[in-house]
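Quick notes on the structure that follows.
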Amino acid sequence: MKYARKQKLVTLINERTGLTVSPDTLFDVQVKRIHEYKRQLLNALYVISLYNRIKHDGHDPVVARTVIFGGKAAPGYYMAKLIIKLINSIAAVIDADAQVRDRLRVVFIPDFNVKTGQVIYPAAELSEQISTAGKEASGTGNMKFSMNGALTIGTLDGANVEIRDQVGAENFFLFGLTVEQVTNLKQSGYNPHYYYENNPVLKQVIDQIASGAFAHGDLELFQPIVNTLLNNDEYMLLADFRSYVECQEAVSHAYRDQEHWTRMSILNTARMGWFSSDRSIRDYARDIWHVEPLKL
Numbered sequence: 003m004k005y006a007r008k009q010k011l012v013t014l015i016n017e018r019t020g021l022t023v024s025p026d027t028l029f030d031v032q033v034k035r036i037h038e039y040k041r042q043l044l045n046a047l048y049v050i051s052l053y054n055r056i057k058h059d060g061h062d063p064v065v066a067r068t069v070i071f072g073g074k075a076a077p078g079y080y081m082a083k084l085i086i087k088l089i090n091s092i093a094a095v096i097d098a099d100a101q102v103r104d105r106l107r108v109v110f111i112p113d114f115n116v117k118t119g120q121v122i123y124p125a126a127e128l129s130e131q132i133s134t135a136g137k138e139a140s141g142t143g144n145m146k147f148s149m150n151g152a153l154t155i156g157t158l159d160g161a162n163v164e165i166r167d168q169v170g171a172e173n174f175f176l177f178g179l180t181v182e183q184v185t186n187l188k189q190s191g192y193n194p195h196y197y198y199e200n201n202p203v204l205k206q207v208i209d210q211i212a213s214g215a216f217a218h219g220d221l222e223l224f225q226p227i228v229n230t231l232l233n234n235d236e237y238m239l240l241a242d243f244r245s246y247v248e249c250q251e252a253v254s255h256a257y258r259d260q261e262h263w264t265r266m267s268i269l270n271t272a273r274m275g276w277f278s279s280d281r282s283i284r285d286y287a288r289d290i291w292h293v294e295p296l297k298l
């Protein structure tokens, strides 16, 4: 069933982008509104690091991946639009590289909407819910993914907390700082340069972006992203980068055991009943409205 749904998404991707991707790869999906706190950029940094491991280090990834993005930016949100541009530029570099593209592909699906989501959610195998802890009020995309059997890689933010409680910690890929750790690190004086200087993988990625490697040599195009990461990094991508990369390695190794992965996927779907609107309305009636159901 999942494979048939992936094939349907393959067709959609080809129609929208002209790219041909393999349903035999891990479908790693992040579709949602483009915003810095939702950290599509953290995902993009990881993709570049994975590209480097294949291209320059000769590292053969544990599993081949198709990393799928989708979402819209507010009309006046310059940085969000620049992140979309970077993702598409990374995708173009990988697509043009025969050495890498069979093991790693990046796709940005344009005009993400409800109709498109009806194809994407059922086909996803890994759900990216990687916002900075403490920034997401709730979110429902993570619920849609889990209900359709995708496993979540995420922080303890928003509804991720309840999803992890319901599906079981062993069926959730957790990484990153907690809300308390984010607060404490900022209060103690967060210095993104420390992480840049002390993580060679991260430093290489940021230096590549700064060098124009994904902008046909243009040193200015993505400089605002580099400046934001190194001089501010409000959403603490650099602090969470190492933990995220390590968690993605755990994802890859788990995916190799398809029997175990399928079991985790089934449990994600089976244990999502708590998020039913019926349960939610009963809780509101009991705890907020203090009303009793009318028996007919």
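If you count by my numbering, then the sequence shown holds residues 3 to 298, one letter each, in order. In this text, a Cβ means the ideal position worked out from N, Cα and C, and glycines have one as well.
Given residue i as reference, the closest of the options once Cα atoms are compared
i: R299; options: L44, T22, A152, G73; result: What is shown of the chain runs 3 to 298, which leaves residue 299 out entirely.
i: E38; options: S133, V102, N54; result: S133
i: N201; options: F216, R105, N162, S51; result: S51
i: V109; options: K87, G141, F71, Q120; result: F71
i: R67; options: N162, Q210, H255, V207; result: H255
i: Q168; options: I268, D289, K10; result: I268
Residue i - DSSP class collapsed to helix/strand/coil
i: L106; result: strand
i: E251; result: helix
i: Q32; result: strand
i: F243; result: helix
i: E164; result: helix
i: T68; result: strand
i: S140; result: coil
i: L128; result: strand
i: F277; result: helix
i: F174; result: coil
i: L47; result: helix
i: L88; result: helix
i: G20; result: coil
i: T154; result: strand
With 16 other Cβ atoms within 10 Å as the buried cut-off, status of residue i
i: M238; result: buried
i: M274; result: buried
i: M145; result: buried
i: T154; result: buried
i: S278; result: exposed
i: I56; result: buried
i: D242; result: buried
i: N16; result: exposed
i: N270; result: buried
i: R258; result: exposed
i: I211; result: buried
i: I86; result: buried
Contacts around residue i, its chain only, beta-carbon distance under 8 Å, and the 5 residues preceding and following it disregarded
i: L158; result: A135, R166, L176, G178, T180, V181
i: Q199; result: It is worth fixing the name first, because residue 199 is Glu in this sequence and not Gln. Only K205 meet the Cβ criterion.
Contacts around residue i, its chain only, beta-carbon distance under 6 Å, and the 5 residues preceding and following it disregarded
i: L223; result: A217
i: T118; result: none
i: N150; result: Y123, P124
i: L14; result: V121
Own chain partners of residue i with C-beta closer than 7 Å, once the 5 adjacent residues on each side are dropped
i: P194; result: L231, L232, D235, L240
i: E138; result: D159, G160
i: Y53; result: I96, V102, L106
i: K34; result: K40, G73, G143
Residue i Cβ short of 6 Å to the ligand ATP heavy atom set
i: R107; result: Annotation note on the ligand ATP: not contained in the displayed structure, which lists no ligands.
CB-CB length for residue i against residue j, believed under 8 Å
i: F29; j: A93; result: About 15 Å; that fails the 8 Å criterion.
i: A75; j: I122; result: About 18 Å; that fails the 8 Å criterion.
i: I111; j: T19; result: 7 Å
i: L44; j: Y192; result: The Cβ separation is near 16 Å, so there is no contact.
i: N115; j: M266; result: Between M266 and N115 the Cβ distance is about 29 Å, and since that is not below 8 Å, they are no contact.
i: Q131; j: G156; result: 3 Å
CB contact check: residue i to chain C, cutoff 7 Å
i: S51; result: Checking the listed chains, one finds no chain C in this structure; it contains a single protein chain.
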